[in-house]
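Undergrad:
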Amino acid sequence: MSNVIEIITGDITTLAVDAIVNAANSTLLGGGGVDGAIHRAAGPKLVEECATLGGCPVGEARITKGYNLPARFVIHTVGPVWHGGGNGEPELLAACYRTSYALARSHGLRSIAFPAISCGVYGYPMEQAGAVSLAAAREASSSGDFGRIVLVQFNEPALACYLTVARRLEIRF
Ligand code: AR6
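Residue numbers are given in the UniProt record's numbering: position 62 of the sequence shown equals residue 62, and the series is strictly consecutive.
So this is what it looks like as structure tokens:
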């Protein structure tokens with residue numbers, strides 16, 4: 001099943017995968033949304049480790065342990081804030097996915113779950129972000145390096161949006 005991408009609804013903090021990806025901010029010191037949920041579920045040791053990392057620029061990623069999470073690792077990436085799409089947002093979002101997969105690969109991780117990076121507080125339109133996320137997932141999946149790629153949506157409208165984009169891109173899910 002290595003070339004099938006899972007697109008599901010749910011809470012990413014409950015997934016027992018090698019790594020879950022966090023939609024963080026450049027301080028890496030926690031926040032709201034999925035970032036807040038991951039820090040709450042992981043426990044206080046996560047922010048202690050994050051504080052040693054010195055932050056993270058937009059489009060890059062950093063890895064920590066998962067602590068109390070079922071996931072072994074957390075990959076923290078910083079998505080772009082949406083400013084209309086003409087300020088490099090698509091390239092920066094693609095970089096988030098690319099660097100997260102690369103970091104997972106370099107740690108020998110085979111299963112990874114992503115939230116919809118930038119689609120909450122940062123205001124990135126879900127359909128456009130879905131196309132970036134799905135294209136990155138297709139590339140990672142075709143590399144054969146990952147046994148499981150999960151794209152986690154928080155609600156049904158987001159799921160429906162991703163499924164529409166996946167069909168349009170003719171991605172198997
Ligand atoms: N599981 C899966 N998806 C979730 C969860 C969850 N538990 N909780 C929220 N989402 P956001 P951003 C979805 O705002 O836009 C933070 O304060 C949510 O519905 O978490 O990248 C950081 O510290 C949305 O679709 O991240 C940054 O300051 C998606 O996750 C800033 O927000 C991302 O929404 C980052 O903003």
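We treat Cβ as the ideally placed atom computed from N, Cα and C, and that holds for glycine.
Closest to VAL81 by C-alpha separation, out of GLN153, SER26, VAL21, ILE7, would be which residue?
TA: Here residue 81 refers to the residue found at position 81 when the sequence shown is read from its first residue. Closest option to VAL81, Cα to Cα, is SER26.
Undergrad: Pull up the distance between the alpha-carbon of MET1 and that of ASP145, whole angstroms please.
TA: One-based indexing of the sequence shown puts residue 1 at position 1. One-based indexing of the sequence shown puts residue 145 at position 145. With a pLDDT of 44 at MET1, under the threshold of 50, the predicted position of this residue should be treated as unreliable, and no value is reported.
Undergrad: What residue does the beta strand (DSSP E) around VAL17 start on, and which one ends it?
TA: Position 17 of the sequence shown, counting from 1, holds the residue named residue 17. Element bounds for VAL17: n/a, residue is neither H nor E.
Undergrad: State yes or no: is the C-beta of ASN25 nearer than 7 Å to some heavy atom of ligand 1?
TA: The sequence position of residue 25 within the sequence shown is 25, counting from 1. Yes, the Cβ of ASN25 comes within 7 Å of a heavy atom of ligand 1.
Undergrad: Within 10 angstroms of the Cβ of ILE20, are there 16 or more other Cβ atoms? Answer buried if so, exposed if not.
TA: The sequence position of residue 20 within the sequence shown is 20, counting from 1. Result: buried.
Undergrad: Would you say PRO115 and VAL152 are within 8 Å of each other, going by their C-beta atoms?
TA: Taking the first residue of the sequence shown as 1, we reach residue 115 at position 115. Taking the first residue of the sequence shown as 1, we reach residue 152 at position 152. Against a cut-off of 8 Å, the Cβ pair of VAL152 and PRO115 comes out as a contact.
Undergrad: With distance defined between alpha-carbon atoms, name the residue in VAL58, ARG72, PHE173 nearest to LEU159.
TA: Here the question's residue 159 lines up with position 159 in the sequence shown. Nearest option by C-alpha distance: PHE173.
Undergrad: May I ask which residues mark the beginning and end of the alpha helix (DSSP H) holding THR164?
TA: Taking the sequence shown and counting its residues from 1, the one referred to as residue 164 is at position 164. Per DSSP, THR164 belongs to the alpha helix (DSSP H) from 156 to 168.
Undergrad: With a threshold of 6 Å on Cβ separation, who are the neighbours of CYS119 within its own chain once the five nearest residues in sequence on each side are excluded?
TA: Here residue 119 is taken as the residue at index 119 of the sequence shown, counted from 1. MET126, ALA129, listed in sequence order.
Undergrad: Can you name, in chain order, every residue of its own chain whose Cβ lies under 6 Å from the Cβ of LEU134, other than the five neighbours on each side?
TA: Position 134 of the sequence shown, counting from 1, holds the residue named residue 134. Hits under 6 Å: VAL165, ALA166, LEU169, ILE171.
Undergrad: What separation, rounded to the nearest whole angstrom, lies between the Cα atoms of SER111 and ILE149?
TA: Residue numbering aside, residue 111 sits at position 111 when the sequence shown is read from its first letter. Residue numbering aside, residue 149 sits at position 149 when the sequence shown is read from its first letter. Near 6 Å, if we compare the C-alpha coordinates of ILE149 and SER111.
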